[in-house]
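Shown next, in structure tokens, is the structure this report addresses.
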Ligand SMILES: Nc1ncnc2c1ncn2[C@@H]1O[C@H](COP(=O)(O)OP(=O)(O)OP(=O)(O)O)[C@@H](O)[C@H]1O
Ligand SMILES: [Mg+2]
């Protein structure tokens, strides 16, 4: 199997505050990993380390055999918070095309535009392509940013709460689409009942990381109700970290 992410005994401090401790994780090609855990548990911090925005205090981290910074062009990323200047007169299509930006690239090709159109269509927002980004609703903007991440045609897709402002029907649609995308995916979400139905691994992070595979979520459905708290208890209490 093709190993794409290798984290060994990683720790991270913000100032003197230990946020992540002894994290080890391997992610293989086409793995779909749910990253769950309580607020402040360190999920976003781990993603920022994977992207090379932060440096481990100790331990090692390799992506596609490279350092996170070197691998960044191969990663599609949707951050938890976007600090967009909403007054910018930039169009949706131009935002999505940014997914094709590369070092020293001066103009977009026909192929770039074709891919951007395809991804907008996939995310059901092609009709918005000529609007200004500031004219969109929160959920529409999120779909556009997902289109941009996919337009990069990444080897690994990293999404931090991608459906936070999307309505329930839209959330279902997006998780269905994500499930079918043939690439490696790491997704942080608190919507565990939808997310866990598609994944093959669950990483529970609360300073330390516990990896679970072969999760059978069906055993947590009782009389049509998804027993979310019981499943979370299971993750908290079963420390089968590899
Ligand atoms: N820039 C920062 N400077 C100092 N401490 C930070 C910074 N960013 C996050 N932290 C702290 O690091 C810890 C982990 O934060 P992180 O954002 O990784 O959590 P999270 O699991 O993503 O939480 P949430 O579910 O709320 O998004 C928290 O205690 C937080 O207060
Ligand atoms: Mg977070």
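Residue numbers (the numbering used here): 190 to 431. For each residue, glycine too, the CB sits at the ideal point set by N, CA and C.
Item: Closest to residue 232 by C-alpha separation, out of 370, 255 and 201, would be which residue?; Value: 201
Item: Measure the alpha-carbon distance for residue 374 versus residue 216 and round it to whole angstroms.; Value: 9 Å
Item: At what residues does the beta strand (DSSP E) containing residue 217 begin and finish?; Value: 206-217
Item: Can you tell me where the alpha helix (DSSP H) with residue 283 in it begins and where it stops?; Value: 281-286
Item: State buried or exposed for residue 271, treating a residue as buried only when at least 16 other CB atoms are found within 10 Å of its CB.; Value: exposed
Item: Any heavy atom of ligand 1 within a distance shorter than 7 Å of the CB on residue 393?; Value: no
Item: Can you list, in chain order, the stretches of the alpha helix (DSSP H) that have 4 or more residues and sit fully within the stretch 312-341?; Value: 327-340
Item: In whole angstroms, what separates the C-alpha of residue 214 from that of residue 220?; Value: 12 Å
Item: Which term fits residue 371, buried or exposed, when burial requires 16 or more other beta carbons within 10 angstroms of its beta carbon?; Value: exposed
Item: For the stretch 319-327 and the stretch 242-252, state whether three or more C-beta atom pairs, one from each stretch, are separated by less than 8 Å.; Value: no
Item: Hey, would you say residue 396 sits closer than 8 Å to residue 210, going by beta carbons?; Value: yes
Item: Assuming residue 390 and residue 398 form a contact by the criterion Cβ under 8 Å, report the distance between their Cβ atoms to the nearest whole angstrom.; Value: Contact flag wrong, Cβ pair sits at about 11 Å.
Item: For residue 373, is the beta carbon positioned less than 7 Å from some heavy atom of ligand 2?; Value: no
Item: List the whole-angstrom C-beta distance separating residue 288 from residue 340, where the pair is believed to meet the contact cut-off of C-beta under 8 Å.; Value: 3 Å
Item: Is DSSP giving residue 203 helix, strand or coil here?; Value: strand
Item: Could you tell me which residues DSSP puts in a beta bridge with residue 395?; Value: 397
Item: On the three-state DSSP scale, how would you describe residue 386?; Value: coil
Item: Does at least one heavy atom of ligand 1 sit under 7 Å from the Cβ of residue 216?; Value: no
Item: Inspect the beta-carbon positions of residue 420 and residue 376 and report whether they are closer than 8 Å.; Value: no
Item: Apart from the five residues on each side of it in sequence, which residues of its chain come closer than 8 Å, Cβ to Cβ, to residue 230?; Value: 394, 395 and 396
Item: First and last residue of the alpha helix (DSSP H) that includes residue 289?; Value: Segment: none, residue 289 is in no alpha helix (DSSP H) and carries neither H nor E.
Item: If residue 345 and residue 212 are in contact, beta carbons under 8 Å, what's the gap, nearest whole angstrom?; Value: That belief does not hold up - the Cβ atoms of residue 345 and residue 212 are roughly 17 Å apart, past 8 Å.
Item: Just verifying my parser: in three-state terms, what is the DSSP assignment at residue 303?; Value: helix
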